[in-house]
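Here's the structure, in structure tokens; my notes come after.
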Amino acid sequence: MEVLFLPESKIMKVTKELVMLYFRGKCTTAEEAIVEVWMSENPYHGELADQWLMELDEENEELLVELAISKNDIWNNTSQEINNLKDEEPLKNENSAKLTSINFNWTSLAAVLIGINIVAFCFFLYSKSKSVEIATGFGQIQHIILPDSSKVVLNGNSKIKYQRSWDKNPREIWLDGEAFFSVTHLKNNAQFTVHLSSGKKIEVLGTEFNVINRQKHGCVVLKSGSIKLSLPDKKGDKKEIYLKPGDLVETDYASVKQSKVKKAKVNPERYYSWTKGKWTLDGTSLGEMLVHLEENYGVKVGVADDKLLKKRLSGSIPLSDNNPALLIEDIAQLFELQLEKKNNKLILAE
């Protein structure tokens, strides 16, 4: 599946006709992405789309009825034709031709009926079996509403993948990057699973948590509820860690499936404050800030002295509208450092 990067400035107007085409599976890849952004950016849009989907479901039922009627008509008409052939007085020199005609009718009938059944079945299931994949560019934050009304805030340079319908599918998401989840608890206690890299996964019922799943490291912080984190080791066995609100689990993906695991008590807001348009610093090191800057905005900033990376501060930095240059200036000012440019590289120095 092609992964799409969706600049909001290029999103066209979404109409009922376009949404209906989306659920019928007749949109282009670009149109699918546009509709998915539209449904996720406003809860009302999701409700409206659900209403239109119900109308489409009714149309599907009518189509299936029509297909069933057509199938019955074809059967009756073909059967009648065969009976008429049987009722005719056979001529010796035409026996072979008529037998061939009858065999042809039966073969054609079987092919037509099989074709109708396949078309009906595929049309009924197509829109509910297709997966959705959404990706953000550097500095872009995307709000997404999932099929069960759970909510996801997807950070920059991240992507998620899930089934469009969870009616008969498990609640599963595949995450690459960073996201904050608000998971809806269902009456049947259906499990919600977030798949990470190297076989790691998070299992929940209903809760709020932040996940970072990057190439070199991972981090899970629980805001409310409870979750189970499964971590496979070198031997393929699974280590299960249960988190309570305020718990943080960090993993290092550098060399093996599970090289280092750290669990600690933290202020959860520090880890999901980006969903509110700011970075909250709570004894946060400059090194951590620069890692987030590179991962989420694609901008690498170095330091004149490695000792500066351990410098820690508390406070907050506003996340200006996809403007990494302004964000770098704010970081330099907060840490009381000078921003220099050497050999086409940005350097922070005292």
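So the number in my numbering is just where the residue sits in the sequence shown, counting from 1, plus 215. The beta-carbon is built from N, C-alpha and C at its ideal position, and this holds for glycine as well.
- Per DSSP, the beta-bridge partners of Phe396 are Val367, Phe424.
- Between Gln378 and Ser346, the beta carbon gap of about 5 Å places them in contact (Cβ cut-off 8 Å).
- The way I'd put it, the stretch 449-461 doesn't touch the stretch 399-412; fewer than three beta-carbon pairs between them come closer than 8 Å.
- Sequence-distant partners of Leu542 (beyond 5 residues in either direction) whose C-beta falls short of 8 Å from its own C-beta, in its chain, are Leu508, Tyr512, Ile532, Leu534, Ser535.
- Between Glu246 and Leu233 a beta carbon distance of about 6 Å is seen, short of the 8 Å cut, so the two are scored as contacting.
- Between Trp253 and Thr422, the alpha-carbon positions lie close to 25 Å from each other.
- Straight-line measurement puts the Cα of Lys438 at about 10 Å from the Cα of Arg485.
- Contact between the stretch 394-405 and the stretch 444-455 is absent: fewer than three C-beta pairs spanning the two stretches fall below 8 Å.
- Distance from Arg429 to Glu510 at the Cβ level is roughly 6 Å; contact confirmed, criterion being Cβ atoms closer than 8 Å.
- When only Cα atoms are considered, Pro483 and Val436 end up about 6 Å apart.
- In the three-state DSSP reduction, Pro539 falls in the helix class (H, G or I).
- Spatial neighbours of Thr230 in its own chain (CB-CB distance under 6 Å, excluding positions within 5 residues in sequence) are not present.
- Judged by DSSP secondary structure, Glu465 falls within the beta strand (DSSP E) whose first and last residues are 462-467.
- Taking each of Asp545, Ile546, Thr499 in turn and checking the Cα distance to Lys525, the smallest one comes out for Thr499.
- Exposure of Asn559 is indicated by the presence of fewer than 16 other C-beta atoms within 10 angstroms of its C-beta.
- Assigned with DSSP and collapsed to three states, Trp267 falls in helix.
- A straight line joining the alpha-carbon of Asp467 with that of Lys228 spans about 43 Å.
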